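K.L.:
Before we start, here is the structure in question, set down as structure tokens.
Protein chains: 2
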Amino acid sequence: MRATIRDVARQAGVSIATVSRVMRDSETVRPETRDRVLAAAGDLEFVPSHLGRQLAERRHAANGIVFPDLSGPYYAEVVLGYEAVAAELGRSVLILSTRGRDDADDAVRAMAERCDGLVVVSGRTVDDDVVARLAARGTSLVLVARPPVDTVDSVNAENDASARALTRHLLDLGARRLVFVGDPSTSPDVAERLHGVQEALTEADVAADVEIRHVQNLDEQCGAEVVGDYLGRALPDAFVCANDELALGMLGRLRAAGVDLPSRVRVTGWDDVMAARYAGLTTVRQPMRELGATAARLLDELISGTRTHPRHELLPTQLVVRTSTTLGKETP
Amino acid sequence: MRATIRDVARQAGVSIATVSRVMRDSETVRPETRDRVLAAAGDLEFVPSHLGRQLAERRHAANGIVFPDLSGPYYAEVVLGYEAVAAELGRSVLILSTRGRDDADDAVRAMAERCDGLVVVSGRTVDDDVVARLAARGTSLVLVARPPVDTVDSVNAENDASARALTRHLLDLGARRLVFVGDPSTSPDVAERLHGVQEALTEADVAADVEIRHVQNLDEQCGAEVVGDYLGRALPDAFVCANDELALGMLGRLRAAGVDLPSRVRVTGWDDVMAARYAGLTTVRQPMRELGATAARLLDELISGTRTHPRHELLPTQLVVRTSTTLGKETP
DNA sequence: TTGAAAGCGATACCAT
DNA sequence: ATGGTATCGCTTTCAA
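Taken in order, these protein sequences are the chains called E and W.
Position 96, counted from 1, in the first sequence is what the working numbering calls 96; the numbers after and before it change by one each time, with no gaps.
Position 100, counted from 1, in the second sequence is what the working numbering calls 100; the numbers after and before it change by one each time, with no gaps.
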């Protein structure tokens, strides 16, 4: 079995307290003693047990992150940014995907027990009351891509301004009949995007309207299905999708059906995932990695007690125009 | 502060041992006593500390996974498959990305201290001797996309057969001068793919050759740079890339340069990431999620002691033909 | 500078 | 069925 602090102490002929001091090079230990301890530790291949250490220090040195899924590019990037910063701050990262899990709430609570704090990404992961209970218990918490709760830190990407810019772009191209694809009730992000679109239409000096097309999931398959529905009847001027995956699914199906883009119909997405570039999809770029990184920093402030008042960060987004809306002015 | 087992015991008027029994509903406790304990626990919002529990049980109920990066689609999918199965088996998942980290070896060792076992993905994460030391210390270990070590479990995707199929496909199309893009020394997967290509050429009944073009990273930028080099001189018949990202970078640059595909030059990738579909990239599909899932299952067998002899899994891959090599027969 | 001993929060064995 | 207590591996006073 592994060597413990006692084994080292015995071999070095000192007390466990001294070994502990040496291992954390914290206190003043006589160099000679120190060497003896280090020699013994090296000899026994001693590695301090995190468990014992954490129990004594009453902290985990670990952060959690909860997200719905890792299959799309979006959450993977968020997690990546989070892990990078957390690691920099000397904290381990626990992940929890709620996809296809019926006991998500319990799993999150269990996770909170092994972390000093955690980040919850997206509203489709855990119920609000679970978040509220965690917050009430004093768990350090940061919400990402979730509607801000006054007392809880949050990080979100800007939706409204970019949705308006996107809509104006479509209006400028002559589009009048828009269809928004995606259920605004599934996520506040989607709701905000739709809201931005509607506002832009209201403010426009031309008559235009937007119809809402609800879908089950924000994935390629649903996008393709929506196209299937519309191929029978008249196509709108533009499909404004809640995310890139939906839009990509639509593009594939439209091309397969021989529909000419962007002359016949225009399609836009949201996120700017890698595939969007290759598909020539006009979309809105989100700083996904930065969302995660910012959340990690906020969480660290909470855990370390550097800050007590809640903060709400809003990161900028950017319209990216490609050939799915216009052949004219392309943005790389 | 949080309630401990002692607080509950005091409030319920029982010993901590009884509370412990109730919390794990393990032993037989008189219903009446049980109710009293549960009432006290609920009242105090008692949640057993993982730390204490793990220390006593001398296990973590957590698995780790080490990978180079999460930005590409490949590792994200592997991690996803891993997390799903690990969660099913009641284990938490710790992640560690070695990208841009100089103390990767230490980080891995530290991670091993808080896990019952871990998975190491790709050879570009940690040194072989670190893996060997971990194995020697008795840490349960599974290697993914790494050259198998006799005594350590491993999960890999088939490279050789698909590389040969890919090469034959190119030869059938009339390609004779091939360029393999990617450094075989960076990963055994890449080396195996190159090996498969070379073998197929040797076995072919036509004269053909492959040149090796080394690159810094397997990403889009490097792919684009390679194209830049070749635009000056003569293009080969086909670029066989070590992964999709390289190939996608090449496609973008080639199209920008107005080079006609696939008539002028053919390009192939490896992985079949989402963007490959939209770019019409001929590639080899890997069961990425299944790699992670299989690793999680193997690891669980090791940790639970169900199995002691090492196993080496080889998962099948599949050639996917698209328009980057031929306009004729497309595979969806 | 070093050691002894009291936690930290649970589990599990041995009594009763 | 329940309680007492040693134990897990470490940190952290308090003394010496």
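For every residue, glycine included, the Cβ atom is placed at its ideal position computed from N, Cα and C.
From a predicted model like this one, the values you see are computed outputs, not experimental measurements.
The alpha helix (DSSP H) with residue 52(E) in it runs from where to where?
P.N.:
On the first sequence, residue 52(E) is found 52 positions in, with the first residue counted as 1. Counting along the chain, the alpha helix (DSSP H) containing residue 52(E) begins and ends at 50-57.
K.L.:
In the DSSP assignment, the alpha helix (DSSP H) including residue 222(E) goes from what residue to what residue?
P.N.:
Position 222 of the first sequence, counting from 1, holds the residue named residue 222(E). Segment 220-232, the alpha helix (DSSP H) holding residue 222(E).
K.L.:
Go to residue 131(E), then tell me how far its alpha helix (DSSP H) extends in each direction, as first and last residue.
P.N.:
Translated into the one-based positions of the first sequence, residue 131(E) becomes position 131. Unbroken alpha helix (DSSP H) run through residue 131(E): 128-136.
K.L.:
Buried or exposed for residue 127(W), please, with buried defined as at least 16 other CB atoms from any protein chain shown within 10 angstroms of its CB.
P.N.:
Residue 127(W) sits at position 127 when you count from the first residue of the second sequence. Residue 127(W) is exposed by the Cβ-count criterion.
K.L.:
Can you tell me which of the three DSSP states residue 140(W) falls into?
P.N.:
Looking up residue 140(W) in the second sequence gives position 140. Correct three-state label for residue 140(W): strand.
K.L.:
Under 6 Å Cβ to Cβ from residue 331(E), same chain only, skipping five residues before and after it: list those, please.
P.N.:
The count along the first sequence starts at 1 and reaches residue 331(E) at position 331. Low confidence applies here, because residue 331(E) scores a pLDDT of 46, under 50, leaving its location unreliable and the question unanswered by this model.
K.L.:
Can you list, in chain order, the stretches of the beta strand (DSSP E) that have 3 or more residues and sit fully within the stretch 88-127 of chain E?
P.N.:
Qualifying beta strand (DSSP E) stretches, in chain order: 92-97, 117-121.
K.L.:
Can you tell me where the beta strand (DSSP E) holding residue 312(E) begins and where it ends?
P.N.:
Stepping through the first sequence from its first residue, residue 312(E) is reached at position 312. Unbroken beta strand (DSSP E) run through residue 312(E): 312-315.
K.L.:
Residue 223(W) touches chain E at which residues, Cβ-Cβ below 9 Å?
P.N.:
Translated into positions along the second sequence, residue 223(W) becomes position 223. Here the premise fails: no neighbours, minimum Cβ distance about 12 Å.
K.L.:
Write down the C-beta distance between residue 294(E) and residue 315(E) rounded to the nearest angstrom, noting that I regard them as a contact closer than 8 Å.
P.N.:
Sequence index remark: in the first sequence, residue 294(E) carries index 294 (1-based). Sequence index remark: in the first sequence, residue 315(E) carries index 315 (1-based). Right, their Cβ atoms sit about 7 Å apart.
K.L.:
Would you please state the rounded distance, in angstroms, between the beta carbons of residue 277(E) and residue 317(E)? I believe it to be under 8 Å.
P.N.:
Here residue 277(E) is taken as the residue at index 277 of the first sequence, counted from 1. Here residue 317(E) is taken as the residue at index 317 of the first sequence, counted from 1. Wrong, their Cβ atoms sit about 16 Å apart, outside the cutoff.
K.L.:
Here's a check: name, in chain order, each residue in its chain whose Cβ is nearer than 6 Å to the Cβ of residue 36(E), leaving out the five neighbours to either side.
P.N.:
Along the first sequence, read from residue 1 onward, the residue named residue 36(E) stands at position 36. These residues qualify, in order along the chain: 12.
K.L.:
Looking at the structure shown, is residue 185(W) part of a helix, part of a strand, or coil, going by DSSP?
P.N.:
Here residue 185(W) refers to the residue found at position 185 when the second sequence is read from its first residue. If DSSP states are grouped into helix, strand and coil, residue 185(W) belongs with coil.
K.L.:
Is there a C-beta anywhere in chain W that falls below 8 Å from the one on residue 135(E)?
P.N.:
Translated into the one-based positions of the first sequence, residue 135(E) becomes position 135. Closer than 8 Å: no.
K.L.:
Within 8 Å of any Cβ in chain E, is that where the Cβ of residue 262(W) sits?
P.N.:
Taking the second sequence and counting its residues from 1, one reaches residue 262(W) at position 262. For residue 262(W), the answer is no, since every Cβ of chain E falls outside 8 Å of its Cβ.
K.L.:
Look at residue 61(W) and residue 91(W) and say whether their C-beta atoms are less than 8 Å apart.
P.N.:
Taking the second sequence and counting its residues from 1, the one referred to as residue 61(W) is at position 61. Taking the second sequence and counting its residues from 1, the one referred to as residue 91(W) is at position 91. Closer than 8 Å, so yes.
K.L.:
Alpha carbon to alpha carbon, what distance is there between residue 265(W) and residue 259(W)?
P.N.:
Here residue 259(W) refers to the residue found at position 259 when the second sequence is read from its first residue. Here residue 265(W) refers to the residue found at position 265 when the second sequence is read from its first residue. One C-alpha to the other measures close to 8 Å.
K.L.:
With a threshold of 6 Å on Cβ separation, who are the neighbours of residue 3(E) within its own chain once the five nearest residues in sequence on each side are excluded?
P.N.:
Locating residue 3(E) in the first sequence gives position 3, where the first residue counts as 1. Hits under 6 Å: 44, 46.
K.L.:
Scan the stretch 76-103 of chain W for residues whose Cβ lies nearer than 8 Å to a Cβ of chain E and list them as they occur along the chain.
P.N.:
Within the stretch 76-103 of chain W, the residues whose Cβ lies closer than 8 Å to some Cβ of chain E are 76, 77, 79, 80, 83, 84, 87, 92, 93, 94, 95, 96, 97, 99, 100, 101, listed in chain order.
K.L.:
Quick check: the Cα distance between residue 207(W) and residue 201(W), rounded to an integer number of angstroms?
P.N.:
For the purposes of this step, residue 207(W) is taken as residue 207 along the second sequence, with counting starting at 1. For the purposes of this step, residue 201(W) is taken as residue 201 along the second sequence, with counting starting at 1. So the two alpha carbons sit approximately 8 Å from each other.
K.L.:
Could you tell me if residue 150(W) is buried or exposed, where buried requires 16 or more neighbouring beta carbons within 10 angstroms of its beta carbon?
P.N.:
As a first step, residue 150(W) is located in the second sequence; it is residue number 150 there, counting from the start. So residue 150(W) counts as exposed.
K.L.:
Three-state secondary structure (DSSP) at residue 330(W)?
P.N.:
Residue numbering aside, residue 330(W) sits at position 330 when the second sequence is read from its first letter. Residue confidence for residue 330(W) is low, a pLDDT of 44 falling below 50, so the modelled location carries little weight and cannot support an answer.
K.L.:
Run down chain W in chain order and give the residues with a C-beta less than 7 Å from the C-beta of residue 114(E).
P.N.:
As a working mapping, residue 114(E) is identified with position 114 in the first sequence. Within 7 Å Cβ-Cβ: 50, 92.
K.L.:
Which term fits residue 32(W), buried or exposed, when burial requires 16 or more other beta carbons within 10 angstroms of its beta carbon?
P.N.:
In the second sequence, residue 32(W) corresponds to position 32, counting from 1. Exposed is the call here.
K.L.:
If I follow the unbroken alpha helix (DSSP H) through residue 251(E), where does it start and stop?
P.N.:
In the first sequence, the residue the question calls residue 251(E) occupies position 251. Where residue 251(E) is concerned, the enclosing alpha helix (DSSP H) stretches over 244-256.
K.L.:
Taking 8 Å as the threshold (beta carbon to beta carbon), is residue 295(E) in contact with chain W?
P.N.:
For this step, residue 295(E) is matched to residue 295 along the first sequence. No, no contact with chain W.
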